[in-house]
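Worksheet: the structure to be examined is printed underneath.
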Amino acid sequence: MSSLTPPTSNTNTRLRQADLPDRPVPPQTSALPGKPKGLKRPPSVTELKREISGDKRGRLDDAGSRQVEREEGEGDQDVEEREGSKGIEEGEVSEEDLGAALLDAMGRSDQQELLENKLRVKYLRSRAIDCPESVGCHKAFHLLVQDVERDKKATAEQQRTLTGALSEAQAALATERADAEIARTDARRESSEKAVLQARIVKEQKSRKTEAERANTFQRELSSANARALRLEREVLLERQARIAANQKHAAVVEHMADAHRFAQRTVEDTNGRGGPSRRG
């Protein structure tokens, strides 16, 4: 605030006589000790900033809320202005009080501009950018705002790029999932076909096994029938041979009996031919 010059008495009187809306007026009890009684304690920059920003918490102190006195008479106000101007001209006020008094004398728009400038300077210094407390910081603040806007645009562009990449990745993932689902469906269908084919193979094997068992059974039955036929043929042959032998034996007996009968007849004939049978004693 060293660059600010103290206002003249006429300027101070003219600014104080102007009807400024909502201009904070400090109470009478806040007069600084050792200072002219006509100069009240002006509000600090923090109080002005809080009042402009609408923060009512900064407007409260230990004694209660700060009261605004607007009903002072014209005579008392002129006396205070003359005493305050005299104190400022005699140099009995500090530089901080002088700046605060100037803030108190300035209009609402001027105070707003000055506070905005201070906020810009504070913001620039927080970003490690040195800037004097003057109107010249507008350019630096504007450049910083442009940098911030460029950063925002770059961030937004990067966000769009990342969003696009994410969308592409999600689309690729969805495609991969669809392909995997198709592959699983094909695998299930192939597995089902393999199961059906395996069932057919097992059924065919069982059918062939049944046919083989039937063939073996038929072969065994055929072999058994052949054996029975051979046995019957053998029995028939033996029976035929026995019958032939019996016939031959019967024929021999008949022949022997015929021979015996013929022999007996010859004997009888011989006996009769000799005159009767001979008598032996």
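The numbering used here applies: residue 135 is where the sequence shown begins, and numbers increase by one. Every residue, glycine too, gets a C-beta built ideally from N, C-alpha and C. Values in this document were obtained by computation on a predicted structure and should not be read as measured data.
One alpha carbon belongs to Thr351, the other to Ala376, and they sit about 37 Å apart. Straight-line spacing of the CA atoms in Ala290 and Leu253 works out to 27 Å. A straight line joining the alpha-carbon of Ala299 with that of Lys340 spans about 60 Å. C-alpha of Gln332 to C-alpha of Ala305: approximately 40 Å in a straight line. Here the C-alpha atom of Val387 lies approximately 25 Å from the C-alpha atom of Val370. Inter-residue distance for Glu373 and Leu366 is about 10 Å (C-alpha atoms, whole angstroms). Separation of Ala398 and His390 (C-alpha to C-alpha, rounded to the nearest whole angstrom) is 12 Å. A straight line joining the alpha-carbon of Gln280 with that of Glu315 spans about 51 Å.
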